[in-house]
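S.K.:
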Amino acid sequence: MRIDIISVLPELLQSPMQHSIMKRAQEKGFLEVHIHNLRNWAVNEYGQVDDYQYGGGAGMVMMCEPLAKAIEQLSSERKPVRPGHPGGYDEVIYLTPDGEMLNQKIANNLSLKGNIIMICGHYKGIDERIRQHFVTKEISIGDYVLSGGELAAAVLVDCIGRLIPGVLNDETSALFDSFQDNLLAPPVYTRPEDFRGWKVPDALLSGNHRLIEEWRNEQSLKRTKERRPGLLENQ
Ligand code: ADE
Numbered sequence: 008m009r010i011d012i013i014s015v016l017p018e019l020l021q022s023p024m025q026h027s028i029m030k031r032a033q034e035k036g037f038l039e040v041h042i043h044n045l046r047n048w049a050v051n052e053y054g055q056v057d058d059y060q061y062g063g064g065a066g067m068v069m070m071c072e073p074l075a076k077a078i079e080q081l082s083s084e085r086k087p088v089r090p091g092h093p094g095g096y097d098e099v100i101y102l103t104p105d106g107e108m109l110n111q112k113i114a115n116n117l118s119l120k121g122n123i124i125m126i127c128g129h130y131k132g133i134d135e136r137i138r139q140h141f142v143t144k145e146i147s148i149g150d151y152v153l154s155g156g157e158l159a160a161a162v163l164v165d166c167i168g169r170l171i172p173g174v175l176n177d178e179t180s181a182l183f184d185s186f187q188d189n190l191l192a193p194p195v196y197t198r199p200e201d202f203r204g205w206k207v208p209d210a211l212l213s214g215n216h217r218l219i220e221e222w223r224n225e226q227s228l229k230r231t232k233e234r235r236p237g238l239l240e241n242q
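Numbering (the working numbering), first residue to last: 8 to 242.
#1: Take residue 101 as the anchor and find which of 53, 138, 153, 9 has the nearest alpha-carbon.
#2: Any contact of the stretch 73-91 with the stretch 109-116, i.e. 3+ C-beta pairs under 8 angstroms?
#3: Tell me the DSSP secondary structure of residue 145 in three-state form.
#4: Three or more C-beta pairs closer than 8 angstroms, one from the stretch 65-72 and one from the stretch 118-131: is that the case here?
#5: With residue 160 and residue 28 assumed to form a contact (beta carbons below 8 angstroms), what rounded beta-carbon distance in angstroms separates them?
#6: Kindly indicate the opening and closing residues of the beta strand (DSSP E) around residue 93.
#7: What is the rounded straight-line gap between the Cα of residue 73 and the Cα of residue 235?
#8: Taking buried to mean at least 16 other C-beta atoms within 10 Å of its own C-beta, is residue 169 buried or exposed?
#9: Residue 154: buried (16+ other C-beta within 10 angstroms of its C-beta) or exposed?
#10: Can you tell me whether DSSP reads residue 84 as helix, strand or coil?
#11: For the alpha helix (DSSP H) that residue 200 lies in, which residues bound it at each end?
#12: Using a Cβ distance threshold of 8 angstroms, determine whether the stretch 179-198 contacts the stretch 218-238, with at least three qualifying pairs required.
#13: Which whole-angstrom value describes the C-beta separation of residue 118 and residue 42, a residue pair presumed to lie in contact below a C-beta threshold of 8 angstroms?
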């Protein structure tokens, strides 16, 4: 899978892609992440990519032209990922607080795509016409406002990237993550068995796989009922 990200602050995105599972996914060839500076498509030699908003009011708006040119150029460079694929991007995603709330199901679906491009907004956001004519999916990572879309894009790349088939091994398998099956993950423990008198539950020490699985299922359900009862209604 290939992910392109358009940003006015590309430095902000570099580090999250260079560590841990994202690093491994790229080294193993399962994921390619390319970060592009929107100023490469600026409207003048001063690197301008934003302007005052029509109707007045504080805050700048990211202009149509640089974004349209960037998306069009990068799209034209994306060849079909398999026979029958139309080429270009499978999704043009805009990270925005008024988008669809990110959840595991959306991440699962996106992890099966070939090429995705993400647009990070800044200031007051991007000109509405880009949203209408280029963007195919708008995603929010929560009901709060960030200074820009970069951190949201990093979250999205991470949660998609780890789901790409082959990226995680059996040990780190995403099948048992919280939210797969709409359940939170059960508690986990490691050595020692007794830390300051705080004991590891007997079931986990029993060596009986059926008992361990039962205990984990019970704990998952208990945790979900207590913390996120709404998830159980979506079963
Ligand atoms: N840009 C600013 N805030 C955001 C949010 N909560 N989610 C996605 N993109 C954003």
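Note that CB positions come from ideal geometry on N, CA and C, so glycine has one too.
M.R.: Short version:
#1: The residue labelled residue 101 in the question sits at position 94 within the sequence shown. Residue 138 is the option with its Cα nearest to residue 101.
#2: no
#3: In the sequence shown, the residue the question calls residue 145 occupies position 138. Residue 145: strand per DSSP, three-state reduction.
#4: yes
#5: Stepping through the sequence shown from its first residue, residue 160 is reached at position 153. Stepping through the sequence shown from its first residue, residue 28 is reached at position 21. Their Cβ separation, rounded to whole angstroms, is 16 angstroms, which puts residue 160 and residue 28 out of contact at 8 angstroms.
#6: As a position in the sequence shown, residue 93 is number 86, starting the count at 1. Unbroken run through residue 93: none, as it is neither H nor E.
#7: For the purposes of this step, residue 73 is taken as residue 66 along the sequence shown, with counting starting at 1. For the purposes of this step, residue 235 is taken as residue 228 along the sequence shown, with counting starting at 1. Cα to Cα, the separation comes out at about 42 angstroms.
#8: What you label residue 169 is simply residue 162 of the sequence shown in a count that begins at 1. Buried: at least 16 other Cβ atoms inside 10 Å.
#9: Translated into the one-based positions of the sequence shown, residue 154 becomes position 147. The residue in question, residue 154, is exposed, as its Cβ has fewer than 16 Cβ neighbours within 10 Å.
#10: Position 77 of the sequence shown holds residue 84. Three-state DSSP puts residue 84 in a helix.
#11: In the sequence shown, the residue the question calls residue 200 occupies position 193. Neither: residue 200 is in no alpha helix (DSSP H) and is coded neither H nor E.
#12: yes
#13: Looking up residue 118 in the sequence shown gives position 111. Looking up residue 42 in the sequence shown gives position 35. Between residue 42 and residue 118 the Cβ distance is about 19 angstroms, and since that is not below 8 angstroms, they are no contact.
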